[in-house]
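Working notes, structure below.
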Amino acid sequence: MRYLIIVIAALSLAACDNKQSEKKSTNSVQYYLDHADERKTQISLCDDNPGELDNDPNCINAYEADKKAMFSDMERAIRQE
17 MRYLIIVIAA
27 LSLAACDNKQ
37 SEKKSTNSVQ
47 YYLDHADERK
57 TQISLCDDNP
67 GELDNDPNCI
77 NAYEADKKAM
87 FSDMERAIRQ
97 E
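Letter by letter, the sequence shown follows residues 17 to 97 in my numbering.
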């Protein structure tokens, strides 16, 4: 009986920390280049909560994709002139 209580208590405590299981998958820079709407949404989330998300891989990749997209647009504009 005593071991049953210990096992139940251990399982209950293990179930409390579910942050590890809630991790989102990380999208690549190329993914955010190919999906502009999701890139803008991710950047908006990152800008809204920089204290927690500043070093988030999705934020870093979305910002990098945004820079690449901006430079690509600038190159196209220069070539058209």
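Cβ coordinates follow ideal geometry from the N, Cα and C atoms, glycine included. Quantities reported herein were computed from a predicted structural model and do not represent experimental measurements.
Asked: With distances taken Cα to Cα, identify the nearest neighbour of TYR47 among ARG92, ARG18, LYS84.; Found: LYS84
Asked: When you compare only the Cα positions, how much space is there between CYS75 and GLN58?; Found: 7 Å
Asked: Would you give the residue range spanned by the alpha helix (DSSP H) that ALA90 belongs to?; Found: Inspection of the sequence shows that residue 90 is occupied by Met rather than by Ala. That run of the alpha helix (DSSP H) goes 73 to 96.
Asked: Considering only residues of the same chain and omitting the five flanking positions on each side of GLU91, which have a CB-CB separation below 7 Å?; Found: none
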